[in-house]
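Here the structure comes first, spelled out in structure tokens, and everything after it is commentary.
Chains as they are written, first to last, in the working numbering: chain A, 23 to 211; chain B, 46 to 247.
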């Protein structure tokens with residue numbers, strides 16, 4: 023059953039279909055929310071919020087875009103709303119620094135990785151929200167700039183400009199670290 | 046490889062480099078250019094190292110229990126929202142009907158025209174529970190404002206909330222109306238109903 027079939031089933035009121043829809047896309051939404059807020063608590067709340075919004079807006083989904091794109095749009099809008107509501111945080115969250123690399127045996131490598139993660143978190147926190155979202159969709163979700171333009175409902179030129187600005191800012195913020203940054207490519211979930 | 050000064054060609058190449066996620070993303074002509082241009086090759090190395098570094102950062106995974114429980118949590122929240130909407134709509138609809146019951150005579154400031162303006166909103170309210178997704182949030186906010194302003198709730202705090210709802214409806218329409226009515230809460234609405242019953246206008 024593809025996404026559109028599932029959607030039809032949801033519209034008929036079949037709750038198991040919605041459950042399946044959540045299952046299919048939950049990790050995609052979580053990843054975006056986690057990258058955006060850089061902590062697990064906010065990301066978990068956002069996943070729930072996004073699917074509640076998606077349910078409420080199902081009638082407006084006409085199938086012109088892929089369901090994944092539409093969900094990305096809801097997720098980004100929800101993140102932007104929440105960020106606006108939260109305002110600027112004083113502390114840089116560090117969940118982003120805690121992960122599998124913490125288990126590496128080399129304490130120096132561990133410390134360097136942690137420093138890199140914290141600095142990335144701080145650099146991301148400094149980005150305007152829309153630039154942050156665009157950077158996340160490109161670098162972590164591997165969407166093309168055209169797909170991002172659809173998600174953000176923005177002209178392609180605007181998305182390109184925002185992406186370049188974001189990359190330049192992050193690069194500047196990490197300039198002293200990037201020469202020794204870890205380069206392991208993380209596969210998508 | 047020779048160190049060359051930047052040319053327009055280099056600018057195009059560096060733009061392409063910035064959009065790449067890895068060396069394999071680079072178009073063939075860009076890759077060829079990198080073989081001959083030290084400046085662009087350095088730029089490519091720097092950008093790709095940065096992107097690689099960013100992509101190496103892991104996502105902190107939630108517990109397995111979170112994933113297992115998520116669909117149920119989402120459905121529970123959806124049903125809770127639906128129940129809340131249903132309650133709010135009942136309250137607003139009751140208030141609207143009450144308004145029609147008390148407006149005759151000279152007590153109110155209502156004119157037949159202003160009542161007429163209400164009718165489309167009432168139609169929206171009636172169809173709302175069955176066609177929730179079909180009603181825009183702007184319509185919801187408009188109905189709320191009509192209720193609040195039309196009834197002249199009185200307390201300035203509430204009027205401020207109504208004004209804020211208008212702004213909120215533009216900024217975040219899907220929740221604005223609900224937020225206002227949730228904020229008012231059943232007790233305040235009861236007080237409003239009581240005032241209306243007495244025909245008291247502030």
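Where a beta carbon is used, it is the ideal one built from N, C-alpha and C, also for glycine.
Could you name the residues of chain B that residue 175 of chain A contacts, counting a contact when the two beta carbons are closer than 9 Å? Near residue 175 of chain A there are no residues of chain B at all, since even the closest Cβ is about 15 Å away, more than 9 Å.
Which listed residue (B:116, B:87 and B:69) has its alpha carbon closest to that of residue 39 of chain A: When only C-alpha atoms are compared, the closest one is B:116.
Please list the partners that residue 53 of chain A has in chain B, where partner means a Cβ-to-Cβ separation under 9 Å. Below the 9 Å Cβ cutoff, chain B contributes 104 as neighbours of residue 53 of chain A, in chain order.
Using a Cβ-Cβ cutoff of less than 8 Å, which residues in the same chain neighbour residue 102 of chain A once the five nearest sequence positions on both sides are dropped? Cβ-Cβ distances below 8 Å link residue 102 of chain A to 151, 152 and 155 in the same chain, with the five nearest sequence neighbours on each side left out; the list follows chain order.
Cutting at 8 Å between CB atoms, please list the residues of its own chain near residue 178 of chain A, excluding the five before and the five after it. For residue 178 of chain A, where only same-chain residues beyond five positions count, the Cβ hits under 8 Å are 167, 168 and 171.
Residue 139 of chain A: contacting residues in chain B (beta-carbon distance under 7 Å): 102, listed in chain order.
What runs of the alpha helix (DSSP H), each 4 residues or longer, lie entirely inside the stretch 141-167 of chain A? Fully enclosed alpha helix (DSSP H) runs of no fewer than 4 residues occupy 151-157 of the stretch 141-167 of chain A, in order along the chain.
Determine, using beta carbons only, whether residue 55 of chain B comes closer than 8 Å to chain A. No, residue 55 of chain B lies away from the interface with chain A (no Cβ there is under 8 Å from its Cβ).
Interface partners of residue 120 of chain B on chain A, CB under 8 Å: Chain A residues near residue 120 of chain B: 37, 40 and 41.
Between residue 70 of chain A and chain B, is the shortest Cβ-Cβ distance under 8 Å, so that the two count as touching? Look at residue 70 of chain A: its C-beta is under 8 Å from a C-beta on chain B.
Taking a Cβ distance cut-off of 8 Å, strictly less, list which residues of the stretch 161-174 of chain A are near chain B, in chain order. Residues passing the 8 Å Cβ filter: 161, 162, 164 and 167.
Euclidean distance between Cα positions of residue 3 of chain A and residue 149 of chain A: Residue coverage of chain A in this structure runs from 23 to 211, which leaves residue 3 of chain A outside it and unanswerable.
Could you list the residues in the stretch 66-95 of chain A with a C-beta less than 8 Å from some C-beta on chain B, going in chain order? Within the stretch 66-95 of chain A, the qualifying residues are 66, 69, 70, 73, 74, 75, 77, 78, 79, 80, 81 and 82.
Just to confirm, is the Cβ distance from residue 37 of chain B to residue 79 of chain B under 8 Å? Here chain B has residues from 46 to 247 only, and residue 37 of chain B is not among them.
Would you call the stretch 73-83 of chain A and the stretch 30-46 of chain A touching, i.e. three or more CB-CB distances under 8 Å? Cβ pair count under 8 Å is three or more, so yes.
Thinking C-alpha only, which one of B:113, B:83, B:82 and B:70 is nearest residue 48 of chain A? B:113 is the residue among B:113, B:83, B:82 and B:70 whose C-alpha sits nearest the C-alpha of residue 48 of chain A.
With a Cβ-Cβ cutoff of 8 Å, do residue 141 of chain A and residue 93 of chain A count as a contact? No. Outside cutoff.
Please confirm if residue 48 of chain A has its CB atom under 8 Å from at least one CB of chain B. By this cut-off, residue 48 of chain A is an interface position.
Is residue 84 of chain B near residue 63 of chain B, with beta carbons less than 8 Å apart? It is not a contact, given that the beta carbons lie outside the stated cut-off.
Quick check on the DSSP output: the alpha helix (DSSP H) that includes residue 106 of chain B runs from which residue to which? No alpha helix (DSSP H) contains residue 106 of chain B, which DSSP labels as neither H nor E.
I'd like to know whether the C-beta of residue 196 of chain A is nearer than 8 Å to at least one C-beta of chain B. Against chain B, the CB of residue 196 of chain A has a partner CB under 8 Å away; the residue lies at that interface.
Check the Cβ-Cβ distances between residue 96 of chain B and every residue of chain A, and say whether any is below 8 Å. When Cβ-Cβ separations below 8 Å define contact, residue 96 of chain B makes contact with chain A.
Just to confirm before moving on: does the CB-CB distance between residue 98 of chain A and residue 146 of chain A stay below 8 Å? No; because the gap between Cβ atoms is not below 8 Å, this pair is not in contact.
Taking 8 Å as the threshold (beta carbon to beta carbon), is residue 180 of chain A in contact with chain B? Not closer than 8 Å to any Cβ of chain B, the Cβ of residue 180 of chain A fails to qualify, so no.
In the structure shown, what three-state DSSP assignment does residue 26 of chain A receive? DSSP, read as helix, strand or coil, puts residue 26 of chain A in helix.
Provide the residue span of the alpha helix (DSSP H) that contains residue 59 of chain A, from first to last. Residues 37-59.
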